[in-house]
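Colleague:
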Amino acid sequence: MLDKNGIAQRIAQELKDRYYVNLGIGIPTLVANFIPKGINVEFQSENGILGMGPFPWEGEEDADLINAGKQTITALPGASFFDSAMSFGMIRGQHVHMTVLGAMEVSQNGDIANWKIPGKMVKGMGGAMDLVASAENIIVAMMHTNKSGESKLLPECSLPLTGLGCVKKVVTELAVLEIKGGAFHLLERAPGVSVEHIKAATAGKLIVEGEIPEMKF
Amino acid sequence: MLDKNGIAQRIAQELKDRYYVNLGIGIPTLVANFIPKGINVEFQSENGILGMGPFPWEGEEDADLINAGKQTITALPGASFFDSAMSFGMIRGQHVHMTVLGAMEVSQNGDIANWKIPGKMVKGMGGAMDLVASAENIIVAMMHTNKSGESKLLPECSLPLTGLGCVKKVVTELAVLEIKGGAFHLLERAPGVSVEHIKAATAGKLIVEGEIPEMKF
Amino acid sequence: MITKIVENAWAATEGISDGMTVMFGGFGLCGIPENSIAAIRKRGTKQLTCISNNAGVDGFGLGLLLETKQIKKMISSYVGENNEFEKQMISGELEVDLIPQGTLAERCKAAGAGIPAFFTPAGYGTEVAEGKEVRIFNGKPHILEHAFDASFAFVKAWKGDEAGNLIFKGTARNFNPLMAMAGRITVAEVEELVPAGSLDPNSIHIPGIFVQRIFKGEQFEKRIEQRTVRQKQTS
Amino acid sequence: MITKIVENAWAATEGISDGMTVMFGGFGLCGIPENSIAAIRKRGTKQLTCISNNAGVDGFGLGLLLETKQIKKMISSYVGENNEFEKQMISGELEVDLIPQGTLAERCKAAGAGIPAFFTPAGYGTEVAEGKEVRIFNGKPHILEHAFDASFAFVKAWKGDEAGNLIFKGTARNFNPLMAMAGRITVAEVEELVPAGSLDPNSIHIPGIFVQRIFKGEQFEKRIEQRTVRQKQTS
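Listed in order, the protein sequences are those of chains P, D, Z and E.
Under this note's numbering, residues 8 to 224 are what the first sequence spells out, in order.
Under this note's numbering, residues 8 to 224 are what the second sequence spells out, in order.
Under this note's numbering, residues 29 to 263 are what the third sequence spells out, in order.
Under this note's numbering, residues 29 to 263 are what the fourth sequence spells out, in order.
1. Would a C-beta distance cut-off of 8 Å place D/G109 and D/L161 closer than the cut-off?
2. What does the alpha-carbon distance come out to for the pair E/K187 and D/G170?
3. Does the contact criterion of 3 or more C-beta pairs under 8 Å hold for the stretch 51-61 of chain Z versus the stretch 71-80 of chain P?
4. According to the neighbour-count rule (16 or more other Cβ atoms, all chains shown, within 10 Å of its Cβ), is P/P125 buried or exposed?
5. Can the beta-carbon of Z/I30 be found closer than 8 Å to that of D/R25?
6. Roughly how many angstroms separate the alpha carbons of E/G87 and D/G131, rounded to a whole number?
7. According to DSSP, which residues form a beta bridge with D/W122?
8. Starting from P/G85, trace the beta strand (DSSP E) both ways and give me its first and last residue.
9. Give, in chain order, every residue of the stretch 173-207 of chain E whose Cβ lies closer than 9 Å to some Cβ of chain D.
10. Hey, is the stretch 175-193 of chain E in contact with the stretch 204-214 of chain E, meaning 3+ C-beta pairs nearer than 8 Å?
11. Would you mind giving the Cβ-Cβ distance between D/E53 and D/I119, rounded to the nearest angstrom? I have them listed as a contact below 8 Å.
12. Looking at the secondary structure, which residues open and close the beta strand (DSSP E) in which Z/T49 lies?
13. What are the boundary residues of the beta strand (DSSP E) that includes E/I213?
14. With three or more beta-carbon pairs closer than 8 Å as the criterion, would you say the stretch 65-77 of chain E touches the stretch 40-48 of chain E?
15. Considering only the beta carbon of each residue, do P/L168 and P/A190 sit closer than 8 Å?
16. Between which two residues does the alpha helix (DSSP H) containing P/F95 stretch?
17. Tell me the start and end of each unbroken alpha helix (DSSP H) in the stretch 133-163 of chain D that is at least 4 residues and wholly inside, in chain order.
18. Using a threshold of 8 Å, state whether the C-beta atoms of Z/P128 and Z/A150 are closer than that.
19. Would you say D/G55 and D/S94 are within 8 Å of each other, going by their C-beta atoms?
20. Is the Cβ of Z/C78 closer than 8 Å to any Cβ of chain P?
21. Which same chain residues, not among the five before or five after E/V107, have their C-beta less than 7 Å away from its C-beta?
22. Just to confirm the assignment: which complete alpha helix (DSSP H) runs, minimum length 4, are found wholly within the stretch 153-217 of chain D?
23. Does chain D have any CB closer than 8 Å to the CB of Z/G225?
24. Hey, quick one: how far does the beta strand (DSSP E) through Z/F243 stretch, first residue to last?
25. The beta strand (DSSP E) spanning E/A181 covers which residue range?
26. By DSSP, does D/Q78 sit in helix, in strand, or in coil?
27. Could you tell me whether the Cβ of D/G13 comes closer than 8 Å to any Cβ of chain Z?
28. Pair every Cβ in the stretch 100-115 of chain P with every Cβ in the stretch 24-40 of chain P, then say whether three or more of these pairs are closer than 8 Å.
29. With 8 Å as the C-beta to C-beta threshold (strictly closer), list the residues of the stretch 142-162 of chain Z near chain E in chain order.
30. Who pairs with E/V123 in a beta bridge, going by DSSP?
31. Does the separation of the CB atoms of P/E218 and P/M8 fall below 8 Å?
32. Looking only at its own chain, which residues have a Cβ that is under 6 Å from the Cβ of E/G140, when we skip the five neighbours before and after it?
33. If you follow the beta strand (DSSP E) that D/G60 is in, where does it begin and where does it stop?
34. Just the C-alpha distance for Z/N193 and E/S226, rounded to the nearest angstrom, thanks.
35. Along chain E, in chain order, which residues have C-beta atoms closer than 7 Å to that of D/M136?
36. Report the neighbours of E/F243 on chain P: residues whose CB is nearer than 9 Å to its CB, in chain order.
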């Protein structure tokens, strides 16, 4: 079973050389810490920076330099700043190659719900709806089940949707799953996790074909 | 009767303090030479400059600094450069207060034709259609009649239109006319030009109310 | 040249009145028009509809206008981190219209550029699309979104000149240029106000034509919402 | 960092093939991608549909590709000052699609920004509107226009860095940034090519994400179309 860093590290293996990548808040942010060797990528943050670097050294924070999570960041050589319209132009125009974000629920046809729980305070979708409606390559980083132990990989989302049929891959503490043809296809197991465990934790249609390898790090 | 400079000078009287103005090619360009004293205006050229200045001194031409007529120009202090989308954003968004352009024909309901003569080589509308469809305040600078002596102020345009019901005022070598309620309203006569002369040269519906003053310079 | 300088935030906010729709630049607390917000609070203008990506935090940013109940409605993409907001929203005092962030940005830009409506894929299949026209382009469904209309836009820039030209710094740019284009009256507060001709005309983010009033902000607190740092290793 | 440098114009134009739709930045002869045009002429690619505000002049700019009959169709706003163009158009060899300049610009920008269609007032009531959807917004009729789709965009910038970031100079900016956003493969030729980190990230007009290939142009003639000057008065 993976911890948050493990999930991030496994997702980092999905990065390809020359990818521009948008990382959401939470586990996705950690992906930046595990870029495979020999791979050059650039991170976009939708509030208006391309070429985002790590957090600043203590004392070097700049209030005018934050990411979409409102955290102080740095800019790498070759970075650029731009306004929010150009930023979402990059996203909608599919210039950003990969988007990693969290979710409350994902359905077997790739629907995602991650912004609203009826009856609870609704904070808003931020840029999530633009991101999921636009990117070709959307990877969800999340826990396989919620705090009550219920599966978050469902036949249909029960929560209000963020986007329709857009998620291509889900990486959880248990598994890597690809979504196609209306089903979750099990690609890899987390170290020490059995196929039965994953089956039990997946409410949506799960396809297990042949031997399922363990993730490699 | 006015010459081209006279027409430009009369149009310059339409400038108001703090106007952003787009001047078309030909007579309209000359308007910049007659800005009334105490009036501050800025000129926009749709190829991407605000704060356009006069032609450069000989030897100081810059190939990267031209106006929409492809003429070498200069930039005044406070000028800015921008791309064509932002430029037409200024125009369509009605941030530009006044547009002066030439025309082949103007109709009594404010239609304008200035880009195409069937049977002749068509060079294109350039930015004219955007300008006339957008500006609140469009003034046409043109000769009252064509080379064959036929009126260019018509009941209806015979040439393909550039825009519909958009011209507010016409200044010719003979007169200043306002367009409203489907007619040309004669406001002023050029020095030495009689109302009868203007009537004879105007094919569209002309309204002459009361004494028509001579233009003042 | 057409000059845009006004004396201070008070003069710059002249004309704002109850019930108006107004825009505020900024993302989180980054690049917000602090001085204009303070002046509007002082004016006590009520029943405002505010278009702003976020709604500030308790005691800062638009949180200051929530405290005094000057805001009737927020049009935003994300409104977390604000207890006063939550309280007023739950009690029904405050209306909230949540909009995808990219759509929010484009609706500002469209307003400034005379584009009354456009199609975007964002929100298709969600409650955001309810009641909106759907059309397929290149096999993909899109929804029709409309330009905003705001009486005032309050923006914050790094440098500005007397002609109203603006330059923004870092990610404090965000929605500021778009709202500057969109406002019928755009008010810019800047950290540095310089004479015309001091700024490189190639580097101007927002030409002065979009700005009706400009002033040097009296002070900028520039509060940081999430201070995240790396610790320097002691060797 | 993702680097975009290619060796020269020949390498940069690799992959352009007969029948493609391609964009060329520039307004008149100002800010045109001279080196890419020369390379495409050398490649002899035929049947091109070219999206460009203008069509060059005889012997320069896109006039060079007209001479060799490499262009099947021009999509432009104004195509004067070109005898070869006129000849080919009258003989029916060359198709021409004339588009209002602002619509041309916005259709490029929309393509880059994932906006498939938008409404504009330009051209309503004229032959440009024929066959197009008309809709009234705020009492004013608008027509629906669609984003372009171009396999390549060839643009010219003043400065660029290895990450593909671009800065334009003066009015040589014009359509270049919009086409840079729009092209599936965007090729930028620059006067100065500098290492990443040399350009102020606040002053970049087009972020490198939009640029797939960048090279330093071998030479720039920068021909002036209308040399207009004031004479210095001898005192």
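Where is the CB? At the ideal position from N, CA and C, for every residue including glycine.
Quick caveat, the model's predicted, so the values are computed rather than measured.
Modeller: Concretely, from the data shown:
1. no
2. 39 Å
3. yes
4. exposed
5. yes
6. 21 Å
7. In the DSSP output, where bridge partners are listed per residue, D/W122 has none listed.
8. 81-88
9. W186, F196, K197, G198, T199, A200, R201, N202, F203, N204, P205, L206
10. yes
11. About 17 Å; that fails the 8 Å criterion.
12. 49-52
13. 213-222
14. yes
15. no
16. 91-99
17. 135-141
18. yes
19. yes
20. no
21. N82, A83, F113, V124
22. 202-208
23. yes
24. 241-244
25. 180-189
26. strand
27. no
28. yes
29. G142, I143, P144, A145, F146, F147, T148, P149
30. Checking the displayed sequence, the identity of residue 123 of chain E turns out to be Glu instead of Val. According to DSSP, E/E123 bridges with E/K101.
31. no
32. M209, A210
33. 56-60
34. 24 Å
35. P128, A150, G151, T154, V156
36. Result: empty, since nearest Cβ-Cβ is about 17 Å, beyond 9 Å.
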